[in-house]
Amino acid sequence: MTNVHAPWRAEVGRSLVAAGLFCQGAIVIKSLSPELGTDLAHRLFGVLAGALVIFMGNAIPKTLPRKAPRHPVAEQTKRRFAGWSLTLGGLGYMLAWMLAPIENAHGIAACFLGASFLVMSTQACSRFSMPRSGGPTTLSQG
Amino acid sequence: MTKVFKALADPTRRRVLELLQRAPMSAGELADHFDVSKPTMSAHFTVLVNADLIAADKSGRTITYRLKMSVLEEALLGFARTFGLQISNNDKAMTPARARARR
């Protein structure tokens, strides 16, 4: 008999490991901040936060709902859109913290992330992207 | 990750993923887009499912395939589509020619 909880447990395990790694990274940066200097520590925190957003955005389209959705096409489109916008927003956030002048980095990074959240939320809340009749088109395999 | 690269190396499988980007489709609907036999298509679907790029939902006699690609995998698909991906000679991935030979 197969264990139906195994994929769910593996998913939670992976997420906990990732969360642990990010927390550990933050602690390491904090502990090294006197040696690194305030500016570099801020930049590294920003890069780490951007990496976290990319990690989450990357996983969104891969995480399928347990039950078949009522509108599979719209559901898939929204998931892909959310994943791409969050990943690109996270990438912009990360690059801004890496490359922008330190006095402007926070503002530029926030603009990238804010824009991606705004676009994602607008698309997710859009009623017009939901087709009236959904359901996977079904043809017999045989 | 090797499985993903192997899955993306074949143009038929890339085309299947492109079709599934539009909407989830049944095995029969997907097979209609290709001039290959059903066992060959079935082999391609197996490779894609094993690479965790698509998910199969079975209801009755119908298998519906859904896209299950992360953003990075989709970016890789776009890269493979644009520049092509070469598979090495010792690649064990199921190719249509290999599937035909097996039959």
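Chains H and A, in that order, give the protein sequences. Residue numbers for the first sequence follow numbering that gives the first Met the number 0, beginning at 0 and rising by one. Residue numbers for the second sequence follow numbering that gives the first Met the number 0, beginning at 0 and rising by one. Where is the CB? At the ideal position from N, CA and C, for every residue including glycine.
Find the nearest neighbour of residue i within the set the options, judged by alpha-carbon distance.
i: Glu-74 of chain H; options: A:Pro-23, A:Pro-10, A:Ala-55, A:Leu-29; result: A:Pro-23
i: Ala-26 of chain A; options: A:Val-48, A:Thr-1, A:Glu-72, A:Ala-74; result: A:Val-48
i: Phe-111 of chain H; options: H:Phe-21, H:Cys-124, H:Asp-38, H:Leu-87; result: H:Leu-87
i: Arg-42 of chain H; options: H:Ile-101, H:Ala-17, H:Cys-124; result: H:Ile-101
i: Phe-54 of chain H; options: A:Thr-39, A:Glu-72, A:Ala-50, A:Thr-45; result: A:Glu-72
i: Ala-104 of chain H; options: H:Ala-123, H:Ala-17, H:Leu-20, H:Gly-49; result: H:Gly-49
i: Gly-90 of chain H; options: H:Leu-15, H:Asn-57, H:Pro-71, H:Val-27; result: Residue 90 of chain H is actually Leu in this sequence, not Gly. Considering only alpha carbons, the answer is H:Asn-57.
i: Ala-123 of chain H; options: H:Met-93, H:Ile-59, H:Trp-96, H:Arg-65; result: H:Ile-59
i: Asp-34 of chain A; options: A:Ala-55, A:Leu-7, A:Arg-14, A:Gly-59; result: A:Arg-14
i: Leu-51 of chain H; options: H:Leu-35, H:Ala-25, H:Pro-33; result: H:Ala-25
i: Leu-19 of chain A; options: A:Met-40, A:Asp-51, A:Arg-65, A:Arg-80; result: A:Arg-65
i: Val-70 of chain A; options: H:Val-11, H:Gly-36, H:Ala-81, H:Leu-117; result: H:Ala-81
i: Ala-42 of chain A; options: A:Phe-78, A:Gly-83, A:Asp-9; result: A:Asp-9
i: Ala-95 of chain H; options: H:Leu-117, H:Leu-47, H:Leu-35; result: H:Leu-47
i: Ser-58 of chain A; options: H:Lys-66, H:Thr-62, H:Lys-61; result: H:Lys-66
i: Thr-76 of chain H; options: H:Ala-114, H:Ser-125, H:Ser-14, H:Gly-19; result: H:Ser-125
i: Gly-77 of chain A; options: A:Leu-16, A:Asp-31, A:Thr-1; result: A:Leu-16
i: Arg-79 of chain H; options: H:Ala-9, H:Arg-69, H:Thr-62; result: H:Thr-62
i: Ser-84 of chain H; options: H:Ser-115, H:Thr-37, H:Cys-22, H:Trp-7; result: H:Ser-115
i: Phe-82 of chain A; options: A:Thr-1, A:Lys-2, A:Leu-7, A:Met-0; result: A:Leu-7
i: Ala-30 of chain A; options: A:Lys-2, A:Ile-62, A:Arg-80; result: A:Ile-62
i: Tyr-92 of chain H; options: H:Ala-108, H:Leu-98, H:Ala-99; result: H:Ala-108
Based on DSSP bridge pairs, tell me the residues matched to residue i.
i: Asp-56 of chain A; result: A:Thr-63
i: Ser-114 of chain A; result: Because chain A here runs from 0 to 102, residue 114 of chain A falls outside it and cannot be looked at.
Could you tell me which chain H residues have their CB closer than 9 Å to the CB of residue i, listed as they occur along the chain?
i: Val-70 of chain A; result: Ile-53, Gly-56, Asn-57, Ala-58, Ile-59, Pro-60, Lys-61, Arg-79, Gly-82, Trp-83, Leu-85, Thr-86, Leu-87
Which chain A residues are close to residue i, counting only those with a beta carbon under 9 Å from its beta carbon?
i: Pro-71 of chain H; result: Ala-22, Pro-23, Thr-63, Arg-65
List the residues of chain H that residue i touches, going by C-beta distances under 7 Å, in chain order.
i: Ala-54 of chain A; result: Leu-63
Just to make sure I have the definition right: I need the residues of chain A whose C-beta is within less than 7 Å of the C-beta of residue i. Which are they?
i: Gln-122 of chain H; result: Within 7 Å Cβ-Cβ: nothing; Gln-122 of chain H doesn't reach chain A, min ~15 Å.
Compare the C-beta of residue i against all C-beta atoms of chain D and say whether one is closer than 7 Å.
i: Val-11 of chain H; result: The chain inventory of the structure shown lacks chain D, comprising the protein chains H and A.
Fill in: Members of the stretch 44 to 62 of chain H near chain A, C-beta cut-off 7 Å
Gly-56, Asn-57, Ala-58, Pro-60, Lys-61
Worksheet item: In the stretch 64 to 117 of chain H, which residue ranges form an unbroken alpha helix (DSSP H) of at least 4 residues, counting only runs that do not cross its ends?
Response: 71 to 98
Worksheet item: Using Cβ-Cβ distances below 8 Å, what residues of the stretch 17 to 38 of chain H are close to chain A?
Response: none
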